[in-house]
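Start counting at 1 in the sequence shown, then tack on 468, and there's your number in this note's numbering.
Note that beta-carbon positions come from the ideal geometry of N, C-alpha and C, so glycine has one too.
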Amino acid sequence: MERRPTSLADLRDTARQRLQAWKYKVTPFYKDNEIERVYQNEKDQVLKTINQVSDLPRDPDALAKYFRSLSPRALELILRTIIDIMGVSQEKFLRMVHVLRKIELTKQLTSRAQWAGSLTSTWTLSQISNKIIADVNFAETIAELLINSRNKLGQFLPEFISSRMQFPLDMTIANRVAEDRAYKAIRNQIGEHLHRKIVSALRTESIEYDHGKYNVAFERRNSRCESLVRQYPELRNIKDVDLYIPSRLSPHFAIEVQFGETTSQGMRTKAKVIERDFERLRDIFPNLHTYSVVDGVGWEVLGDNDVVHFFNASEVYTISEIPEMVKRITRALRHS
Numbered sequence: 469m470e471r472r473p474t475s476l477a478d479l480r481d482t483a484r485q486r487l488q489a490w491k492y493k494v495t496p497f498y499k500d501n502e503i504e505r506v507y508q509n510e511k512d513q514v515l516k517t518i519n520q521v522s523d524l525p526r527d528p529d530a531l532a533k534y535f536r537s538l539s540p541r542a543l544e545l546i547l548r549t550i551i552d553i554m555g556v557s558q559e560k561f562l563r564m565v566h567v568l569r570k571i572e573l574t575k576q577l578t579s580r581a582q583w584a585g586s587l588t589s590t591w592t593l594s595q596i597s598n599k600i601i602a603d604v605n606f607a608e609t610i611a612e613l614l615i616n617s618r619n620k621l622g623q624f625l626p627e628f629i630s631s632r633m634q635f636p637l638d639m640t641i642a643n644r645v646a647e648d649r650a651y652k653a654i655r656n657q658i659g660e661h662l663h664r665k666i667v668s669a670l671r672t673e674s675i676e677y678d679h680g681k682y683n684v685a686f687e688r689r690n691s692r693c694e695s696l697v698r699q700y701p702e703l704r705n706i707k708d709v710d711l712y713i714p715s716r717l718s719p720h721f722a723i724e725v726q727f728g729e730t731t732s733q734g735m736r737t738k739a740k741v742i743e744r745d746f747e748r749l750r751d752i753f754p755n756l757h758t759y760s761v762v763d764g765v766g767w768e769v770l771g772d773n774d775v776v777h778f779f780n781a782s783e784v785y786t787i788s789e790i791p792e793m794v795k796r797i798t799r800a801l802r803h804s
């Protein structure tokens, strides 16, 4: 006979105790061979781009000509790599371009460059790349900014920024730049990879599942879902649950997946949202089991009053306990 889900009242009563036990099982960092391969591939790609900027022209006109010979996507990567090696954040570079446009717009209309546009929004790196290719004057302006920022924005930039923005580039830090860029790329993929790992385990046991998030597009494709959401309109507000087993229309299990190596204010909000979503789902589906896979040293050190939201509304597992969680789901489904 299928075990009934632990009630929300019982989950809350034991939440703090289970949270303390969970801390001793936390996987601090995500160590996985596939992620390691992705990291190395990303690093290799960045190093290829870095090799392209190792011997760039030091003359603004020549550099502008080189920029305009590239495709927009290639130029965007080159610009990003240049400012990474300089140690200037992309956001600061975008603000510098904004200031250049502002200066240009103070000129008389007859002497004002067309590329300045209007200041209704800050251009992205992609927009800047396209503008460089389309306008030779703008290309030369950006080239001069990169080669010698003091000539272009010396009256505005503090020395600790302008001293970095000059040629030749310091190629001794190329490997560190490649490592930083590769890490940023894989950091955003860890949660997605963990999600795929759980899905793979479910498929191995031939367990049917649906991805989360009720939405209007899905409702239009499925009349049963449309009827269900019409009956329970609060389903529209459930946005963050990752998996439903066997389906989001008649779920026996709902699973949320979170991994964090660092902490942020957004994590506090996420934990509260998941607790609220699980509570709403349980109101609609009283026999629903709610599970959370929560792991990583970032979650561990976030603070008990924040992490406890997962424990208030679900049974919580770590990465190492995923096989146990899947076994419990398999047994429950076989006896349902």
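Answer yes or no: do residue i and residue j have a C-beta to C-beta separation smaller than 9 Å?
i    : j    : result
A642 : V794 : no
P714 : D678 : yes
V709 : I658 : no
M554 : L637 : yes
T798 : E676 : no
A611 : L531 : yes
L479 : N780 : yes
S718 : F753 : yes
R632 : V521 : no
V761 : I787 : yes
H757 : E783 : yes
N619 : W583 : no
I666 : I790 : yes
Y498 : E729 : yes
Let me confirm a value: residue i is counted as buried when at least 16 other C-beta atoms fall within 10 Å, else exposed. Which label applies?
i    : result
A650 : buried
A477 : exposed
K738 : buried
G622 : exposed
S589 : exposed
R541 : exposed
L662 : buried
L711 : buried
M469 : Residue placement at M469 cannot be trusted, given a pLDDT of 41 that sits under 50; what the coordinates show is reported in the next sentence. So M469 counts as exposed.
My assumption, with CB atoms under 8 Å, is that residue i sits in contact with residue j. Please give the rounded CB distance.
i    : j    : result
I600 : R505 : Going by Cβ atoms, the distance from I600 to R505 rounds to 34 Å, so no, they are not a contact pair.
A722 : L696 : In fact, because the Cβ distance is near 14 Å, the residues do not count as touching under 8 Å.
E608 : D529 : 6 Å
R486 : I615 : The pair is not a contact, with the Cβ atoms about 59 Å apart (cut-off 8 Å).
N755 : R471 : That pair is no contact at about 10 Å.
Got a sec, what are the start and stop residues for the alpha helix (DSSP H) residue i sits in?
i    : result
Q558 : Q558 to L573
A584 : Unbroken run through A584: none, as it is neither H nor E.
Y759 : Here Y759 belongs to no alpha helix (DSSP H); instead the beta strand (DSSP E) covers H757 to D763.
L621 : S617 to L621
L538 : Premise fails: L538 is in no alpha helix (DSSP H) and is neither H nor E.
In the DSSP assignment, find the unbroken beta strand (DSSP E) run with residue i in it and report its ends.
i    : result
V784 : E783 to Y785
Q576 : No beta strand (DSSP E) contains Q576, which DSSP labels as neither H nor E.
L711 : L711 to I713
I723 : F721 to F727
Stretch-stretch touch, CB-based, cutoff 8 Å, three pairs: the segment 697-704 with the segment 622-635: no
Three or more C-beta pairs below 8 Å linking the segment 545-555 and the segment 498-518: yes
Could you say if the segment 478-494 and the segment 760-769 meet the contact criterion of at least three C-beta pairs nearer than 8 Å? yes
Under 8 Å, with one C-beta from each stretch per pair, do the segment 526-536 and the segment 565-582 reach the 3-pair mark? no
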